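Residue numbers (numbering that gives the first Met the number 0): 0 to 229.
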Amino acid sequence: MIKYDFHLHTVLSPCADEEMTPNNIVNMAHIAGVNAIAITDHNTIGNVRSAQIVGERLGVTVIPGMEIETAEEVHVLTLYRDIESAREIADIVYKNLPMIKNNPRIFGSQILMDENDNIIGEEEKLLISPTTIPIEKLFKMVKSVGGIAMPAHVDRHSYSILTNLGFIPEELNAKWIEMSYLVDDTSEYILNRTDLAKYKILQNSDAHYLKNIASRENILECELEELFRW
Ligand SMILES: [Zn+2]
Ligand SMILES: [Zn+2]
């Protein structure tokens, strides 16, 4: 049994609060009794390794992840077994992000930090743009490195697969979907969307602020490894 929160943004996401540093996030999760988290910044894994080092110190598993925006402007939550396979996808994602320079005054800063929360750089390319990768191709790519991809926050009205496409295409071979913390009861939600009944559901905080980390207690009944089995 795992207490998890697999959708967290660090200071590298321009929209995240400046307190979302690797140390603050992992410590907050630790205090909340969470065993496993995923760092899922927009279209990048730049702060994952630093958070993993903090996690190793505190006994919190930090899964490499990324919230990728597809060409259809759908957010897809992706999780990886290790940093190497995450980097393979992150490199492709970066190449498929338009060359738009971030304006920190409009969008916020995109800060890279080491494991002691020292600033080690700033990402200049705006990370919150849609990539040119179509959703079907993205799912195949992530699967090819042994990672898992799932439509993010399907209950929300923006950047969600159900809003933008209206349904979950069979070709994705999706096994998991993510619902936001706003859904009180996922089984009740499915009563009105029976097409979603066949998917396993993860519920995450999508925290951009420290106070939202693990705002809802989420329990995974299986082992972590099972998550990656398709
Ligand atoms: Zn999102
Ligand atoms: Zn997010």
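Think of the CB as a built atom: it goes at the ideal place given N, C-alpha and C, for glycine as much as any other residue. Quick caveat, the model's predicted, so the values are computed rather than measured.
Exclusion of the five residues before and after ILE160 leaves VAL73, PRO150, VAL153 and ILE167 as the residues of its chain whose Cβ lies within less than 7 angstroms of its Cβ. The closest CA to that of LEU223, considering only ASN191, ILE36 and GLU17, is found on ILE36. Taken in chain order, the whole beta strand (DSSP E) runs of length 3 or more contained in the stretch 41–92 are 60–68 and 74–78. Where ALA28 is concerned, the enclosing alpha helix (DSSP H) starts and stops at 21–30. Assignment of beta-bridge partners to GLN109 by DSSP yields no partner. Here DSSP, grouped into helix, strand and coil, assigns TYR3 to strand. Screening all residues for a C-beta within a distance smaller than 6 angstroms of any heavy atom in ligand 2 leaves HIS6, HIS8, GLU66 and ASP205, in chain order. A heavy atom of ligand 1 is found nearer than 7 angstroms to the CB of ALA151. According to the DSSP assignment, MET178 belongs to the beta strand (DSSP E) that extends over 175–178. In summary, ALA85 is buried, with 16 or more beta-carbon neighbours lying within 10 Å of its beta-carbon over all protein chains present.
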